[in-house]
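Converting from the sequence shown to the numbering used here requires adding 16 to each position, the first position being numbered 1. Idealized CB from N, CA, C, for every residue including glycine. Since the structure is predicted, the reported quantities are computational estimates derived from the model, not experimental observations.
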Amino acid sequence: MASKGGKLNPLYDMAEAQKYAKVVAKRAKAVEKTNDKSLSSLFYFKTVQKKKAEKALEVKAAGDAVRNIAEAL
Numbered sequence: 017m018a019s020k021g022g023k024l025n026p027l028y029d030m031a032e033a034q035k036y037a038k039v040v041a042k043r044a045k046a047v048e049k050t051n052d053k054s055l056s057s058l059f060y061f062k063t064v065q066k067k068k069a070e071k072a073l074e075v076k077a078a079g080d081a082v083r084n085i086a087e088a089l
């Protein structure tokens with residue numbers, strides 16, 4: 017997770033995850049528009065997309081945990 021000044025910043029991380037989601041969506045459209053059907057490029061794209069989706073889920077879970085702790089206080 018990204019940190020700022022040694023403290024976790026879930027809002028920053030969530031914004032980064034949203035940026036990645038937008039980039040992945042744009043790339044998916046670009047891949048669909050091209051006629052490049054080579055397995056290696058599609059495999060690479062799917063691998064990158066999967067890793068970014070996993071990162072987004074981790075960031076969301078961390079943000080939810082921080083929110084829950086804040087509400088408990």
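{"query": "K71, DSSP secondary structure in three states", "result": "helix"}
{"query": "Contact under 7 Å by Cβ, A117 with A81", "result": "With the chain represented from 17 up to 89, any question about residue 117 goes unanswered, as that position is not in the structure."}
{"query": "Per-residue burial, V75 [other beta carbons within 10 Å of its own, 16 or more giving buried]", "result": "buried"}
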